[in-house]
Amino acid sequence: MKIYNTLTRMKEEFVPREEGKVGIYVCGPTVYGYVHIGNARPYVFFSVLTRYLRSIGYEVNVVENVTDVDDKIIERANHECVPAAQVAETYTRAYFKDTSALGLGRPDTEPLATGHIPEIVDLCRRLVDAGMAYETGGSVYFRVEKFAGYGKLSGQKTDQMRHCELAREGEAKESPLDFAVWKAAKPGEPSWESPWGPGRPGWHIECTAMSLKYLGEGFDIHGGGRDLIFPHHENEIAQAEALSGKDFARYWMHNGMITSREEKMSKSVGNIFLLREFLKNYDARVLILFFAGSHYRSPLEFSESNLEEAAGQLDRFRNCFWKVDSVLAEAEADADASGELARAGQELAGAIERTEKDFEAEMQEDLNTAGALAALFGLVRQINEYAVAASSAGRVDAGLLGRARDLMAGQLEILGIVIREEDYAETGVEAELLELLEQREQARGRKDFAAADAARDRIEAAGYEVRDTPQGPRLVKKT
RNA sequence: GGCGACGUGGCCGAGUGGCUAGGCAGAGGUCUGCAAAACCUCGUACAGCGGUUCGAUUCCGCUCGUCGCCUCCA
44 MKIYNTLTRM
54 KEEFVPREEG
64 KVGIYVCGPT
74 VYGYVHIGNA
84 RPYVFFSVLT
94 RYLRSIGYEV
104 NVVENVTDVD
114 DKIIERANHE
124 CVPAAQVAET
134 YTRAYFKDTS
144 ALGLGRPDTE
154 PLATGHIPEI
164 VDLCRRLVDA
174 GMAYETGGSV
184 YFRVEKFAGY
194 GKLSGQKTDQ
204 MRHCELAREG
214 EAKESPLDFA
224 VWKAAKPGEP
234 SWESPWGPGR
244 PGWHIECTAM
254 SLKYLGEGFD
264 IHGGGRDLIF
274 PHHENEIAQA
284 EALSGKDFAR
294 YWMHNGMITS
304 REEKMSKSVG
314 NIFLLREFLK
324 NYDARVLILF
334 FAGSHYRSPL
344 EFSESNLEEA
354 AGQLDRFRNC
364 FWKVDSVLAE
374 AEADADASGE
384 LARAGQELAG
394 AIERTEKDFE
404 AEMQEDLNTA
414 GALAALFGLV
424 RQINEYAVAA
434 SSAGRVDAGL
444 LGRARDLMAG
454 QLEILGIVIR
464 EEDYAETGVE
474 AELLELLEQR
484 EQARGRKDFA
494 AADAARDRIE
504 AAGYEVRDTP
514 QGPRLVKKT
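Residue 425 in this note's numbering is what sits at position 382 of the first sequence, and the numbering runs on without skipping anything.
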């Protein structure tokens, strides 16, 4: 398959380090607040990538970190007058809870920065020993000018950077470009013992340490949001490659930003929407479809109308599953079709083949989920068409229709969408509603449509749609 | 100032040197008492200006516009 590699700015054929195996490191959150929609995009996207790679036979190991010690966390803790560790713990727990609610499972390993202090200190020490970093005032800084490859990921040239010439208070860096790998602790800050006195990791070093620990030098894919390219990922590369001289990661994948009101969703702009709030109002799958509807590298506008559109797509899939189940339940199984049904069957068989091929081709092309989705909708149409023919013929090629449904379900699952019977099933409906439905039928029988509609309104108020089919009225749960 | 991306029909959003994206909304039709669901038909779009080409929305250049990064950020 092809993957766009930020490092080379090209789509490249994906060749893993070790045949059949893929190691992926994704930059997870810094836990100083609740996860917002923008944070959710990489989480969702890299889970799609993972499932896709597994579906084509790779053994995938995904590591997604949690940075639970950082300036932002300390800032927030000071602001709220609570220990930093408490802030980190609160939001780490919330992060697991909120993202789990997306129903996408978990990465294989989710290491915490604070659980890897020895590895981080060791990395810092080796950088100092190699002359790539230096200690001053209890902090350790990376000597950017000593690393020739600096800027290769972001395309930044060190001499062109617009940087603050003034060192911040307490910083005595040799060059403004240098960045902290270890920060001396100020009173009251969380700290760990180190050869340079009590301190804590700088931002960036935790990702280098943990990715190397869990995936090793030269692992396959490193991912995260575009906004991490510089300085975060650039610095990760510097820290790792300054020591080994070897490539740190082979492919760098970056998702585009979620925007809101045409601007990047970020706390500083004040246009964030929390994932937990979203999930109160929408099905998680609406968000997943919303993301899948555009290419992962493109910016994507988070808006009510765009979400409604995704919700409509979810409904379309759901209705298709409902129709398949209805037909399989109500039509007589008969693989020997003739006439109209035979023709529809042939078209469906063709659609199955085509969808399989198209979906695959789209995913192979740098995970073009929007194209893959389009392929799926083509299958939906063909399934619906077949269902109409089968329903009116009263016969169905159950094997064929079942294959179509399984293909649809399997591909949707790769994208992160699972549609279950309970999403539309009539089972478990309260007797009262069935009673109302019966009343409606009787009213319709005597052409008392006012009464029939009143009964339907009450059913709908209870959360069900009434769909009249050739086999009689059916109830379908509303979304 | 430097680096990078993008500008597609009413909206969202793929893609391509010549051949239907898809979804939503809209119009008409089929079915239906109505509705819902579904199916059928309908829109000939690619910011502007040049250039390359037999032919460009697709390649190149310029202009305009939007956005991201260069500071914390998914």
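Note that beta-carbon positions come from the ideal geometry of N, C-alpha and C, so glycine has one too.
#1: In the structure shown, what three-state DSSP assignment does residue 84 receive?
#2: Quick one: give me the first and last residue of the alpha helix (DSSP H) that residue 388 is part of.
#3: For residue 495 and residue 449, I'd like the C-alpha separation in whole angstroms.
#4: Residue 46 bridges to which residues according to DSSP?
#5: Are residue 277 and residue 194 closer than 8 Å when you measure CB to CB?
#6: Just reading off the alpha helix (DSSP H) that residue 429 is part of, what are its end residues?
#7: Quick one: is residue 426 buried, meaning 16 or more other Cβ sit within 10 Å of its Cβ, or exposed?
#8: May I have the straight-line CA-CA distance separating residue 117 from residue 232, to the nearest angstrom?
#9: Assuming contact is defined by CB atoms lying nearer than 8 Å, are residue 335 and residue 416 in contact in what I supplied?
#10: Between which two residues does the alpha helix (DSSP H) harbouring residue 163 extend?
#11: The beta strand (DSSP E) spanning residue 296 covers which residue range?
#12: Taking the alpha-carbon of residue 301 as reference, which of 56, 349, 288 has the nearest alpha-carbon?
#13: Consult DSSP for residue 259 and reduce its assignment to one of helix, strand or coil.
#14: Over what stretch of residues does the beta strand (DSSP E) that includes residue 65 continue unbroken?
#15: Using CA coordinates, which residue listed in 384, 501, 265, 91 is at the minimum distance from residue 455?
#16: Looking at C-beta atoms only, is the number of pairs between the region 430-439 and the region 372-383 that lie closer than 8 Å three or more?
#17: Please identify the residue among 343, 291, 339 whose C-alpha is closest to the C-alpha of residue 305.
#18: Could you check what DSSP says for residue 155 in three-state terms: helix, strand or coil?
#19: Looking at residue 162: is its Cβ nearer than 8 Å to the Cβ of residue 107?
#20: Along the chain, where does the alpha helix (DSSP H) that runs through residue 301 open and close?
#21: Between which two residues does the alpha helix (DSSP H) containing residue 518 stretch?
#22: Would you report the Cα separation of residue 388 and residue 515, rounded to the nearest angstrom?
#23: Between which residues of its own chain and residue 144 is the CB-CB distance below 7 Å, once the five residues before and five after are set aside?
#24: Taking only runs of the beta strand (DSSP E) that begin and end inside the region 180-239, which ones reach a length of at least 3 residues, in chain order?
#25: Considering only residues of the same chain and omitting the five flanking positions on each side of residue 201, which have a CB-CB separation below 8 Å?
#26: Can you look up residue 76 in the DSSP assignment and give me helix, strand or coil?
#27: Keeping to the same chain, check which residues put their C-beta closer than 8 Å to that of residue 506; ignore five residues upstream and five downstream.
#28: List the whole-angstrom C-beta distance separating residue 148 from residue 331, where the pair is believed to meet the contact cut-off of C-beta under 8 Å.
#29: Which class does residue 148 belong to by DSSP, given the choice of helix, strand or coil?
#30: With C-beta atoms as the reference, is residue 65 less than 8 Å away from residue 112?
Reading off the structure:
#1: When secondary structure is reduced to three states using DSSP, residue 84 falls in the helix class.
#2: 382-407
#3: 37 Å
#4: 55
#5: Their beta carbons are under 8 Å apart, which means residue 277 touches residue 194 by this criterion.
#6: Annotation: the continuous alpha helix (DSSP H) that includes residue 429 extends over 412-436.
#7: buried
#8: Cα atoms of residue 117 and residue 232: separation of roughly 7 Å, rounded to the nearest angstrom.
#9: yes
#10: Segment 160-172, the alpha helix (DSSP H) holding residue 163.
#11: First-last of the beta strand (DSSP E) with residue 296: 292-298.
#12: 349
#13: Residue 259 falls in the coil class under three-state DSSP.
#14: 64-69
#15: Looking at the Cα atoms, 91 is the closest of the given residues.
#16: yes
#17: 343
#18: Of the three classes helix, strand and coil, the one that applies to residue 155 here is strand, per DSSP.
#19: no
#20: It is not in any alpha helix (DSSP H) - residue 301 instead sits in the beta strand (DSSP E) that spans 301-303.
#21: Run containing residue 518: none in the alpha helix (DSSP H); it sits in the beta strand (DSSP E), 515-520.
#22: Cα atoms of residue 388 and residue 515: separation of roughly 24 Å, rounded to the nearest angstrom.
#23: 322, 327
#24: 182-185, 222-227
#25: 187, 188, 193, 194, 220
#26: coil
#27: Counting only Cβ-Cβ distances below 8 Å, and skipping sequence neighbours, we find 520, 521.
#28: Contact doesn't hold; Cβ gap of about 13 Å is too wide.
#29: Here residue 148 sits in coil by DSSP.
#30: no
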